[in-house]
Amino acid sequence: MLSIKNLRAEVGGKEILTGLDLEVGAGQVHAIMGPNGSGKSTLANVLAGRSGYNVVGGDVTYDGQDLLALAPEERARAGVFLAFQYPVEIPGVNNAYLLKAALNAVRVHRGEQELDAFEFLALIKDKMKLMQMDESFLNRGVNVGFSGGEKKRNEILQMAVLEPRLAVLDETDSGLDIDALKVVANGVNSLQGPTRATVLVTHYQRLLDYIEPDFVHVLSGGRIVRTGGKELAIELDQRGYDWVDEAVNA
Amino acid sequence: MNETAIETCTSDPGAAASPADAAFRAALAVGRPGPAWLTERRAAGAVAFAAAGLPTTRREDWKYTSIRNLQRRSFRDVVPASLPDEARLASVLIPELPLPRLVFMNGRLLPGLSHVESPGLDILTMRETPADAGFVDLLGRLATVGDYPFAALNQGLAEEVVLLRTARGTTGLAPVYLLFLSSPSAEPVAGHPRILIDAGEASALTVLEHYASLGANENLTNAVTELCMAPGANVTHCRLQDESYTSFHIGGLFAHLQRDASLVSHNIQSGAALARLDLRVSLAAPGAEVELNGLYTMNGRRHVDNHTRVDHLAPHTRSTQDYRGMLDDKSRGVFSGKAVVHPDAQKIEAHQSNNNLLLSDTAEADTKPELEIYADDVKCSHGATVGQLDAEALFYLRSRGIGPEVARALLTFAFAETVISRIDIGGVRERLESDIAGSLPEGGLLRDYLRSPRPDLKDA
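Each protein sequence line maps, in turn, to chains E and G.
Just so we're aligned: 150 in numbering that gives the first Met the number 0 is position 151 of the first sequence, and the numbers increase by one with no gaps anywhere.
Just so we're aligned: 185 in numbering that gives the first Met the number 0 is position 186 of the second sequence, and the numbers increase by one with no gaps anywhere.
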């Protein structure tokens, strides 16, 4: 589904990704782990198409098309979703509108009928129950006055509504208490399926207790330096990232 | 005294050259009917206007706003008020508002279109009841002629004066809708309406001043409102200025609040080639509080200037100011906001913010939030921004599949919405929302948005 070959990207003139390779197949969950500054968030932002992240080499193919050639909204409509590390507050635009506009943009792209207000409300109520969110969220400004945990939950709610084929979660676990983490993980798990894939970018192993990855990759210096199964995450947790750096440099 | 005024006028060598000045002086020289107190009040206005002349950019409070184009017009004073075309009237009137309603044409009240019956509320005109103590008490009490040349002019020409008065404890009144129309004519005309509001103790009142044009014109509206609030009075004052893009609008709103009185002011400026509002609020006793909300949207080469000043004269008073500007093309927006905390006005709160969104590279915003503090136990803040749409928010919306055109329109609209959503007067918010959407290049894309419920920003 997603094929990243020798990806090099720079931010502010500094090369952060230095030749990253990653293959993500349908039905798989990949965890990308690594210390601060290893390029985890850069990878997530490059995949979503954020400006300021300049790709200077390599290829990213999604479902056979050149992902990097698509505008951010085209990527979203094609089924790529980024759950932001720091979701932005947008006063004056309410959640219900954002969700409906986003969903209908995606549906039109897929050749499906737009949902009317009634159909949308029925759908959204289900999803909000899943995320244990109160309906009053709908009429509030996007992320305005939300706590850190609420913002992350809102990201997963959007994901649940849009049902992306490729979900990239950028440190969605950071700043969550254990109850919120469970809710978020439950939301993510409910969206897994044989035609979908998830890339979890995380610093800590904790999230992987609730979302089981098929592959764990360790990112260091802008490249994947080690790949393994779930046990790799546990080892990382016990021995720290220095251990990987030492092993790589040895 | 009137004679003296005219003497002073003609002997002033500086400003006498401009057609507007000459026209105003001629108008001030015309004798107007009325009781002695009124003749005196008018004369005081004329003297003050003659002494100050029309303001130039040499004055500190007019530094950013030149009235050169206004100076070139020879405004006619009195035009017989004609009834407006019904279809045209319907196109500007906000229909959801219940009565009472007063309709003015070029500064003159149109009794035929006005409905002044309102249980619990006095609506008086100075023409009919010039001896009412309310007029004598209020006219010129807050709009000090020495400080505001246009208010002095308005007072010198005072004829169309309306008094709104609530008795002690009166609440549950319907909003009063004051519609000021300006209509095209062969020569530009000047209207000088004056509104006096006497809000009785613990009464509640909502007033909408709506300034609109029936077609393109180069008229001047020079409106002054004086608002006296007794202890515990609660007033919502909303000012919508949507006049012809070639016209001139000068306004003044002067308010005085006694103990525990509470004023909410909404000031929306979207019309006129040149628009200026002086807004001055005195918080005279403990517990008085004011909230000033403003939005100005300009395009073309138009110019808007909002000057606010809040005086904290007593301890435990509170003021907040939130003014926002959206400026496109070569337009210019000026915000000058001042909060003055007088000696001994301890434990007060004064907050000010002014945010400007520049929609083109050639638009200009001048912002000057100021605090003058002579007390030491106070909580004050002020801030101002001038900038473009938030790139982070734009990317966020696009990353959810929303196209860049809609995202941009949405964020622009949302910027204005934070002010508009605070207006809770039947039909006003909806009117403003569709006006703003209509003014955006991609506004048509917001149709869906306008049909859906908007966020309740009071929660935020």
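Even glycine gets a Cβ: it sits at the ideal position worked out from N, Cα and C.
Three CB pairs or more closer than 8 Å across the stretch 199–211 of chain E and the stretch 159–175 of chain E: Touching, yes.
Chain G within 8 Å of ARG152 (chain E), Cβ atoms only: Here residue 152 (chain E) corresponds to residue number 153 of the first sequence, with the count starting at 1. In terms of beta-carbon proximity, ARG152 (chain E) stays away from the interface with chain G, with every pair separated by 8 Å or more.
GLU242 (chain G) vs TYR210 (chain G) beta-carbon contact at 8 Å: Mapped onto the second sequence, residue 242 (chain G) falls at position 243. Mapped onto the second sequence, residue 210 (chain G) falls at position 211. At a Cβ-Cβ threshold of 8 Å, GLU242 (chain G) and TYR210 (chain G) count as neighbours.
is_contact[ILE123 (chain E), chain G] using C-beta, thresh 8 Å: The residue you call residue 123 (chain E) lines up with position 124 of the first sequence. False, the Cβ-Cβ gap to chain G never drops below 8 Å.
DSSP state of ILE5 (chain G) mapped onto helix, strand, coil: As a first step, residue 5 (chain G) is located in the second sequence; it is residue number 6 there, counting from the start. In this prediction, ILE5 (chain G) scores a pLDDT of 39, lower than 50, which makes its location untrustworthy; no coordinate-derived value is stated.
Spatially closest choice to LEU252 (chain G) from G:ASP136, G:ALA130, G:THR235, by CA coordinates: Here residue 252 (chain G) refers to the residue found at position 253 of the second sequence. Closest by alpha carbon: G:THR235.
Closer than 8 Å to chain E by CB, TYR295 (chain G): Taking the first residue of the second sequence as position 1, residue 295 (chain G) is located at position 296. Answer no: the Cβ-Cβ gap between TYR295 (chain G) and chain E never drops below 8 Å.
Contact list for ARG195 (chain E) against chain G, beta-carbon separation under 9 Å: Residue mapping note: residue 195 (chain E) aligns to position 196 of the first sequence, counting from 1. Residues of chain G passing the Cβ test: none, with the nearest at roughly 17 Å.
Interface partners of LEU409 (chain G) on chain E, CB under 7 Å: For the purposes of this step, residue 409 (chain G) is taken as residue 410 along the second sequence, with counting starting at 1. Contacts between LEU409 (chain G) and chain E, judged by CB atoms closer than 7 Å, involve VAL92 in chain order.
Pick from G:LEU141, G:GLY30, G:SER17, G:THR411 that is closest to GLY52 (chain G), judged by C-alpha positions: Position 53 of the second sequence holds residue 52 (chain G). It is G:SER17 whose Cα lies nearest to the Cα of GLY52 (chain G).
Between the CA atoms of ALA196 (chain E) and SER2 (chain E) - distance to the nearest angstrom: Along the first sequence, read from residue 1 onward, the residue named residue 2 (chain E) stands at position 3. Along the first sequence, read from residue 1 onward, the residue named residue 196 (chain E) stands at position 197. Looking at the two C-alpha atoms, the distance is approximately 12 Å.
Beta-carbon separation (whole angstroms), VAL10 (chain E) vs GLY51 (chain E), contact threshold 8 Å: The residue given as residue 10 (chain E) occupies position 11 in the first sequence. The residue given as residue 51 (chain E) occupies position 52 in the first sequence. Taking the Cβ atoms as the reference, VAL10 (chain E) lies roughly 6 Å from GLY51 (chain E), within the contact range of under 8 Å.
LYS229 (chain E) vs VAL183 (chain E) beta-carbon contact at 8 Å: Here residue 229 (chain E) is taken as the residue at index 230 of the first sequence, counted from 1. Here residue 183 (chain E) is taken as the residue at index 184 of the first sequence, counted from 1. Contact: no.
Environment of ARG57 (chain G) [buried if 16+ CB atoms lie within 10 Å]: The residue you call residue 57 (chain G) lines up with position 58 of the second sequence. With fewer than 16 other Cβ atoms within 10 Å, it is exposed.
C-alpha distance - ARG7 (chain E) paired with VAL59 (chain E), whole-angstrom precision: Counted from its first residue, the first sequence places residue 7 (chain E) at position 8. Counted from its first residue, the first sequence places residue 59 (chain E) at position 60. Our two residues, ARG7 (chain E) and VAL59 (chain E), have alpha carbons roughly 11 Å apart in a direct line.
Boundaries of the alpha helix (DSSP H) in which GLU225 (chain G) is found, first to last residue: Here residue 225 (chain G) refers to the residue found at position 226 when the second sequence is read from its first residue. Not the alpha helix (DSSP H): GLU225 (chain G) falls in the beta strand (DSSP E), residues 219–228.
Within 8 Å, strictly: CB atoms of ARG279 (chain G) and GLY155 (chain G): As a working mapping, residue 279 (chain G) is identified with position 280 in the second sequence. As a working mapping, residue 155 (chain G) is identified with position 156 in the second sequence. Cβ atoms of ARG279 (chain G) and GLY155 (chain G): not closer than 8 Å.
Residues of its chain near THR296 (chain G), where Cβ-Cβ distance is below 6 Å and the 5 sequence neighbours each way are ignored: The residue given as residue 296 (chain G) occupies position 297 in the second sequence. Excluding sequence neighbours, THR296 (chain G) sits near SER269, MET325.
Candidates G:ILE249, G:SER264, G:ALA271: closest to LEU256 (chain G) by CA position: Residue mapping note: residue 256 (chain G) aligns to position 257 of the second sequence, counting from 1. For LEU256 (chain G), the closest of G:ILE249, G:SER264, G:ALA271 by C-alpha to C-alpha distance is G:SER264.
Inter-stretch contact (C-beta, 8 Å, three-pair minimum) for the stretch 125–133 of chain E and the stretch 149–166 of chain E: With the rule of 3 Cβ pairs closer than 8 Å, the stretch 125–133 of chain E counts as touching the stretch 149–166 of chain E.
Proximity test, Cβ basis, 8 Å: ALA8 (chain E) and chain G: Here residue 8 (chain E) corresponds to residue number 9 of the first sequence, with the count starting at 1. Interface criterion not met: the Cβ of ALA8 (chain E) is under 8 Å from no Cβ in chain G.
Neighbouring residues, chain E, relative to THR417 (chain G) (Cβ below 7 Å): Position 418 of the second sequence, counting from 1, holds the residue named residue 417 (chain G). Within 7 Å Cβ-Cβ: PRO90, GLY91.
Beta-carbon spacing of ASP76 (chain G), ALA189 (chain G) below 8 Å: By one-based count along the second sequence, residue 76 (chain G) stands at place 77. By one-based count along the second sequence, residue 189 (chain G) stands at place 190. With contacts defined by Cβ atoms closer than 8 Å, ASP76 (chain G) and ALA189 (chain G) form a contacting pair.
MET158 (chain E) to ALA82 (chain E) span [Cα, whole Å]: Position 159 of the first sequence, counted from the first residue, corresponds to residue 158 (chain E). Position 83 of the first sequence, counted from the first residue, corresponds to residue 82 (chain E). Rounded to whole angstroms, MET158 (chain E) to ALA82 (chain E) spans 8 Å at the Cα level.
Residue(s) in a DSSP beta bridge with LEU494 (chain G): There is simply no residue 494 (chain G) to check, as chain G begins at 0 and stops at 459 in what is shown.
GLY91 (chain E) vs THR417 (chain G) beta-carbon contact at 8 Å: For the purposes of this step, residue 91 (chain E) is taken as the residue at position 92 of the first sequence. For the purposes of this step, residue 417 (chain G) is taken as the residue at position 418 of the second sequence. The criterion of a C-beta distance shorter than 8 Å is satisfied by GLY91 (chain E) and THR417 (chain G).
ASP328 (chain G) versus ASP259 (chain G) - alpha carbon distance: Translated into positions along the second sequence, residue 328 (chain G) becomes position 329. Translated into positions along the second sequence, residue 259 (chain G) becomes position 260. One C-alpha to the other measures close to 43 Å.
Simplified DSSP assignment, three categories, for SER90 (chain G): The sequence position of residue 90 (chain G) within the second sequence is 91, counting from 1. In the three-state reduction of the DSSP assignment, SER90 (chain G) falls in the helix class.
Interface flag, SER471 (chain G) vs chain E, CB-CB below 8 Å: Nothing in the structure corresponds to residue 471 (chain G), since chain G is present only between 0 and 459.
As assigned by DSSP and simplified to three states, the class of ALA232 (chain G): Taking the second sequence and counting its residues from 1, one reaches residue 232 (chain G) at position 233. DSSP places ALA232 (chain G) in coil when its eight states are reduced to three.
Within 8 Å, strictly: CB atoms of THR41 (chain E) and LEU67 (chain E): Position 42 of the first sequence, counting from 1, holds the residue named residue 41 (chain E). Position 68 of the first sequence, counting from 1, holds the residue named residue 67 (chain E). It is not a contact, given that the beta carbons lie outside the stated cut-off.
Chain-ordered neighbours of PRO97 (chain G) on chain E, where CB pairs are closer than 7 Å: In the second sequence, the residue the question calls residue 97 (chain G) occupies position 98. Taking a Cβ-Cβ threshold of 7 Å, none of the residues of chain E is close to PRO97 (chain G); the smallest such distance is about 27 Å.
is_contact[LEU1 (chain E), chain G] using C-beta, thresh 8 Å: The residue labelled residue 1 (chain E) in the question sits at position 2 within the first sequence. Chain G places no beta carbon closer than 8 Å to that of LEU1 (chain E), leaving this residue out of the contacts.
Beta-ladder partner(s) of PRO368 (chain G), from DSSP: Taking the second sequence and counting its residues from 1, one reaches residue 368 (chain G) at position 369. PRO368 (chain G) pairs with G:GLY336.
Reference ARG74 (chain E), options E:ALA121, E:ASN103, E:LYS181, E:PRO163, closest by Cα: Working through the first sequence from its first residue, we reach residue 74 (chain E) at position 75. With respect to the C-alpha of ARG74 (chain E), the residue from E:ALA121, E:ASN103, E:LYS181, E:PRO163 having the closest C-alpha is E:PRO163.
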